[in-house]
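For what it's worth, numbering that gives the first Met the number 0 labels the leading residue of the sequence shown as 0, then goes sequentially. We put the CB at the ideal spot given by N, CA and C, even for glycine. These numbers come from a predicted model, not from an experiment.
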Amino acid sequence: MIAVQGVWKFFGDFAALRDLRLEITRGSTTALLGRNGAGKTTLLRMLAALSSPSRGTITLDGAGLREPAQRRRIGVIGHGISIYDDLTAAENLEFFASLYGVGAPGAKIDQWLETTGLARVRNSLARQFSRGMRQRLAIARAFFHEPDVLLLDEPFTALDDRAAELLAGLIRQAHERGRTVLISTHQLREALALATDVAVLDRGRLAFHGPNTADLQTAPEDFYRRFTEAPA
């Protein structure tokens, strides 16, 4: 479904991604692993069409990502969260619905605010929210338009146990419905409990890509070190 072909990404003279080649199967849930600076966020930003490769191509079902129709197929939770501080929780979702062509969104806004535990603060400005509440709103926004692809960058950050369990359940539901999910995280065991596949980036290159196996789940830290501590 997603094809990353020969992708390089430069920031000045620094190559954050180096000739990356990766194919993500439709309906898979892929744990994207790697140390800080490995290129995970850079890759997810390009998959979300928030940044472009310096070289190479990225396609979704064979087509580029810049067209609005393609971008509507993607849901994102990122480091910046992209919540509008001067809008209420409900207004944030209403604005997002207008951007993504979701008609008559009122009932769906109510549903997602209730699901994420934000119904009681629906009319409060987002600037008043804690980090965890903002992350809950970002979760609602990412799943709101029922995207074909979910790109989740450290989605469990700042969530309490209950909210983390909610998010894990939403990811499982998305998988059951045939969505394609990429989860970038440092929380190995949580990610591997959800993933069908694993991809590891090391200094901008693909170090591993394969199915999530029982052996891998038994000793995830050993697996992680094996592919992120290779000599230069």
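Next item on the list: For Glu22, write down the residues that DSSP places opposite it in a beta bridge.
Entry: The residue given as residue 22 occupies position 23 in the sequence shown. In the DSSP output, where bridge partners are listed per residue, Glu22 has Ala2.
Next item on the list: Indicate the three-state DSSP secondary structure (helix, strand or coil) for Ala213 in the structure shown.
Entry: By one-based count along the sequence shown, residue 213 stands at place 214. Three-state DSSP puts Ala213 in a helix.
Check: If we ignore side chains and look at the alpha-carbon of each, how far apart do Ala231 and Asp160 end up?
Finding: Stepping through the sequence shown from its first residue, residue 231 is reached at position 232. Stepping through the sequence shown from its first residue, residue 160 is reached at position 161. Summary for Ala231: the model assigns pLDDT 36, below 50, so the residue's position carries little reliability; its value from the coordinates is reported in the next sentence. The alpha-carbon atoms of Ala231 and Asp160 are separated by roughly 38 Å.
Check: Among Lys39, Ile23, Gly11 and Glu189, which has the Cα closest to the Cα of Gly233?
Finding: Because residue 233 is not part of the residues shown, which for the chain are 0 to 231, the question remains open.
Check: What is the rounded straight-line gap between the Cα of Pro67 and the Cα of His185?
Finding: Within the sequence shown, residue 67 is the residue found at index 68, counting from 1. Within the sequence shown, residue 185 is the residue found at index 186, counting from 1. Using only the alpha carbons, I get a separation of about 31 Å.
Item checked: Buried or exposed (CB count within 10 angstroms, at least 16 for buried), Ser183 -> The residue given as residue 183 occupies position 184 in the sequence shown. Buried: at least 16 other Cβ atoms inside 10 Å.
Item checked: For Lys8: DSSP bridge partner residues -> Within the sequence shown, residue 8 is the residue found at index 9, counting from 1. Looking at the DSSP assignment, Lys8 forms a beta bridge with Leu16.
Margin query: Bridge partners for Arg54 per DSSP, in chain order?
Written below: As a position in the sequence shown, residue 54 is number 55, starting the count at 1. Beta-bridge pairing links Arg54 to Trp7.
Notebook entry, point to check: Is the number of C-beta pairs between the segment 132–145 and the segment 93–104 that are closer than 8 Å three or more?
Noted result: yes
Margin query: Pop quiz: Leu149 and Arg178 are said to be a contact at Cβ under 8 Å. What is the actual Cβ separation, rounded to whole angstroms?
Written below: For this step, residue 149 is matched to residue 150 along the sequence shown. For this step, residue 178 is matched to residue 179 along the sequence shown. Going by Cβ atoms, the distance from Leu149 to Arg178 rounds to 6 Å, so yes, they are a contact pair.
Next item on the list: Output yes or no for whether 7 Å exceeds the beta carbon distance between Trp7 and Ser51.
Entry: The count along the sequence shown starts at 1 and reaches residue 7 at position 8. The count along the sequence shown starts at 1 and reaches residue 51 at position 52. No, Cβ-Cβ distance for Trp7 and Ser51 is not below 7 Å.
Next item on the list: Quick one: measure Cβ to Cβ for Gly209 and Asp196, integer angstroms, because I've assumed they're closer than 8 Å.
Entry: The count along the sequence shown starts at 1 and reaches residue 209 at position 210. The count along the sequence shown starts at 1 and reaches residue 196 at position 197. Gly209 to Asp196, Cβ: 7 Å. Contact.
Next item on the list: Below 8 Å on the Cβ atoms is my guess for Thr114 versus Leu136; work out the distance and round it to an integer in Å.
Entry: Along the sequence shown, one-based indexing puts residue 114 at 115. Along the sequence shown, one-based indexing puts residue 136 at 137. The pair is not a contact, with the Cβ atoms about 11 Å apart (cut-off 8 Å).
Margin query: Measuring straight from C-alpha to C-alpha, what distance separates Ala198 and Phe226?
Written below: Against the sequence shown, residue 198 aligns to sequence position 199. Against the sequence shown, residue 226 aligns to sequence position 227. Cα to Cα, the separation comes out at about 10 Å.
Margin query: For Thr212 and Ala190, what's the separation of their Cα atoms in angstroms?
Written below: In the sequence shown, counting from the first residue as 1, residue 212 sits at position 213. In the sequence shown, counting from the first residue as 1, residue 190 sits at position 191. Each residue's alpha carbon lies about 13 Å from the other.
Margin query: What would DSSP say about Phe155, mapped onto helix, strand or coil?
Written below: In the sequence shown, residue 155 corresponds to position 156, counting from 1. If DSSP states are grouped into helix, strand and coil, Phe155 belongs with coil.
Notebook entry, point to check: Buried or exposed: which applies to Asn91, given that a residue is buried once 16 or more other Cβ atoms fall within 10 Å of its Cβ?
Noted result: Within the sequence shown, the letter at position 92 stands for residue 91. Buried, by the Cβ-count rule.
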